[in-house]
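Residue numbers (numbering that gives the first Met the number 0), protein chains in the order written: chain A, 0 to 424; chain B, 0 to 232.
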Amino acid sequence: MRQAFIRDIQIGIENLLLHKLRSFLTMLGVVFGVGSVVAMLSVGEGASKDALDQIRKVGSNNIIVKSIKSVEEESTATPTRGPSVSVYGITYRDYERIVSTFETVNRAVPVKEIRKEGRLGDNSLELRVMGTTPEWFELVQRPVLAGRVMIPSDLTHQSSIVVLTEYGARRLLATRGTIGQNLTIGGSSFRVVGIVQSEGEGETGSDLQLPDQEMDAYIPIDLARVIYGDTNLDISGGDIDITRVELHQVIVEVDDIKDVEITADAIKGMLEKFHEHKDYEMSVPLALLRQAEATKRTFNVVLGSIAGISLLVGGIGIMNIMLASVTERTREIGIRRAIGAKRKQIITQFLIETVVLSTIGGIVGIGVGVFIPILITLAAGMPTVVTATSIMLPLCISVGIGIVFGLYPAARAAEVDPIIALRHE
Amino acid sequence: MNNQIASGNGVIRLEEARKIYTVGSQAVNALNGVSLSFEKGSFWAIMGPSGSGKSTMMNILGCLDRLTSGHYLLEGQDVGDLDDDSLSEFRLRHLGFIFQSFNLIPQLTVLRNIELPLYYLGWEQRESEEHASELAASVGLEDRLNHRPTELSGGQMQRVAIARALANDPQIILADEPTGNLDTATGKQIMELIAALNHRGKTIIIVTHEAHIAEYARHRLHMKDGVIEKTEG
């Protein structure tokens, strides 16, 4: 039975090889159809993967609360002349409440952000000083390039240590050794204990993205609070701008991914109760992720459908040729029927030919379809991703096309009357 | 009319066989109540001018067409009761065809053409090739196995057709003007080959309008206007 089937396929291939050019041209429709489906899907996949990766990196279990100057605050602050103090943002109390109130919260990392000048020997650099806890490194997971990251004892001992990002470290420490140098930040001295990779660097498929130019210096948060306080004085262009912000950011990690959205809503509700103005902003990567995935699906369906049309055209091409082939081979069909072939055997014979044609076309098309995204990536720098689905789906469709578009010509072949066929010249 | 052949227990029997074609609005009585019986192992020639109904007779006897009324019994089976699939099966197991224009499949080699009935009988490829090679050798074509029909002469093509007709080892062989496309000398060779098959016990029916070809048959049946005019031998 299986051997007979293999033989049927062999005979089908032999028949197709009798008209090499015709078979090749017929196949071409499916080749380009499948090729464009594969290519379109991988372009769609690639475009969304970039966005998804970005979101995933922030962590889909995380909720980020950021301090912002509220709209009301800004409008009341501007008209007054002279130095005015604007107070806004998340407070230490907020942070404590988030940690103690919600059972779903695994941990929360506070971040205090101050701009200070860092000085090391003759080099000086404007740094973004981030006062935070060791957990920050666990949540964000930047590769450590040298030394170590912050550890819990740094926090308890209020050690004067600093972890730098690569970009800043390179500019400050270029000519010296890396670890163990003393860095002066805003008048206080810190020992460099480690260097981590800058954000956005070392990623694949994002060649266009520049590495984060932010030069960060991570120090224990309590120390930052003691040294720099919460009030920030910014003198620029003659204006004195005084702001008082306790925490600039809180990253909340939720235990279970399914609780993320509920927890985000609860935190929002809590903050609304304690903040008169909306001087904070929340972002939930998971929600963005969901949205991005929905967009991606729509995108894929649209692209896939467009490419599917060319597949349909390919199928019609196959049907057309097979109908012509049936007419041309009427006599052969008559001979086979006279000898004793049953109708279904004639159907099988022609169906195998179309399926072989469309399947080979599909396989070649996948080759083309995998090759096109590589070209696109090389030429346009667009990221593309070839997934198993974007290969298997068009392959199955091309086999299906062989069956669907082969069925009618095969049925026509089976209806040939042997008496008339044998008279056919 | 000769009723002598309508009786008996022949391997082929027609009883009051009628075949009416409708051409446009006109009904044509291609067979107009024919009864006959051909014995197993006999050799018949069906003769008659064109339009006499001999081609229709051949299609009916070959199970390619059905009667409008009457009965056709082949090896005791009423063919009229069979559906299309069973009819195909019947042709496959009991009948061998030889045609005027050979009717070989041009894209297949000699070997594959001879193998065709075996393919539909579901033979294993190796056995089938072996058997087909033997058949080719028996008609003197052992050195032409991988040739295409277009590379052969008319006589050689008809030999391939004969080998193919023998592949399924049928009891009955139907030959429709087997020498019609051949020159006299080649036609003679082919007829000798067919006659030899009869000596080996095959029931043979040929349709011809040439008297010297009909001479090879032991019995002759003359048709005219859809009825049997006379039988000889």
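Glycine included, every Cβ here is placed at the ideal spot set by N, Cα and C.
Neighbour flag for residue i against chain B, beta carbons, 7 Å
| i | result |
| --- | --- |
| I425(A) | Only positions 0 to 424 of chain A appear in the structure, and residue 425(A) is not among them; the question remains open. |
| K19(A) | no |
| P382(A) | no |
| P408(A) | no |
| E331(A) | yes |
| P417(A) | yes |
| I295(A) | The displayed chain sequence assigns Lys, not Ile, to residue 295(A). By this cut-off, K295(A) is not an interface position. |
| I334(A) | yes |
| K341(A) | yes |
Residue i to residue j span [Cα, whole Å]
| i | j | result |
| --- | --- | --- |
| Q99(B) | G28(A) | 41 Å |
| K48(A) | R55(A) | 10 Å |
| G153(B) | N180(B) | 7 Å |
| V367(A) | K295(A) | 23 Å |
| I425(A) | G316(A) | Here chain A has residues from 0 to 424 only, and residue 425(A) is not among them. |
| L270(A) | M129(A) | 23 Å |
| D238(A) | G303(A) | 57 Å |
| I10(A) | A291(A) | 49 Å |
| F273(A) | T100(A) | 14 Å |
| L191(A) | M39(A) | In the sequence under discussion, the amino acid at residue 191(A) is Val, which differs from the Leu named in the question. Answer to the nearest angstrom: the Cα atoms are 49 Å apart. |
| I241(A) | N299(A) | 50 Å |
| I250(A) | Y279(A) | 13 Å |
| K223(B) | G232(B) | 18 Å |
| K229(B) | H221(B) | 5 Å |
Check whether residue i and residue j have beta carbons under 7 Å apart
| i | j | result |
| --- | --- | --- |
| G61(B) | G225(B) | no |
| V36(A) | A413(A) | no |
| A162(B) | L134(B) | yes |
| S197(A) | Y166(A) | yes |
| A166(B) | P116(B) | yes |
CB contact below 7 Å: residue i versus chain A
| i | result |
| --- | --- |
| I189(B) | no |
| D64(B) | yes |
| I204(B) | no |
| Y71(B) | no |
| Q106(B) | yes |
| Y215(B) | no |
| D84(B) | yes |
| R90(B) | yes |
| S87(B) | yes |
| F96(B) | yes |
| Y119(B) | yes |
| P177(B) | no |
| P148(B) | no |
Residue i beta carbon near the ligand FMN (any heavy atom closer than 6 Å)
| i | result |
| --- | --- |
| N31(B) | Only the bare structure without any ligand can be found here, which leaves the ligand FMN out of the picture. |
Residue i versus the options, residue with shortest Cα-Cα distance
| i | options | result |
| --- | --- | --- |
| S41(A) | I418(A), L392(A) and V110(A) | L392(A) |
| G405(A) | Q348(A), G364(A) and S389(A) | Q348(A) |
| F101(B) | M381(A), R96(A) and G333(A) | G333(A) |
| E44(A) | C395(A), L302(A) and V384(A) | V384(A) |
| I400(A) | L24(A), I359(A) and T386(A) | I359(A) |
| L356(A) | M321(A), E102(A), L222(A) and Q248(A) | M321(A) |
| V139(A) | K115(A), G32(A), Y91(A) and I63(A) | I63(A) |
| V33(B) | Q25(B), M56(B), L81(B) and V27(B) | M56(B) |
| Q170(B) | H146(B), N197(B) and Q188(B) | N197(B) |
| N112(B) | A131(B), L94(B) and E123(B) | A131(B) |
| I67(A) | V195(A), V259(A), L374(A) and Q248(A) | Q248(A) |
| V259(A) | S59(A), K343(A) and I220(A) | S59(A) |
| S127(B) | G200(B), E114(B) and Q157(B) | E114(B) |
| G50(B) | I59(B), W43(B) and A29(B) | A29(B) |
Environment of residue i [buried if 16+ CB atoms lie within 10 Å]
| i | result |
| --- | --- |
| L66(B) | buried |
| R336(A) | buried |
| I104(B) | buried |
| P284(A) | buried |
| S41(B) | buried |
| T203(A) | Unreliable placement is indicated for T203(A), whose pLDDT of 40 sits below 50; no coordinate value is reported for it. |
| I261(A) | exposed |
| Y20(B) | exposed |
| T174(A) | For T174(A), the pLDDT reaches just 48, beneath the cut-off of 50, and the residue's location in the model is therefore unreliable, although a value from the coordinates is still provided. T174(A) should be labelled exposed. |
| D84(B) | exposed |
| F96(B) | buried |
| T230(A) | exposed |
is_contact[residue i, chain C] using C-beta, thresh 7 Å
| i | result |
| --- | --- |
| K56(A) | Absent from the structure: chain C. Protein chains present are A and B. |
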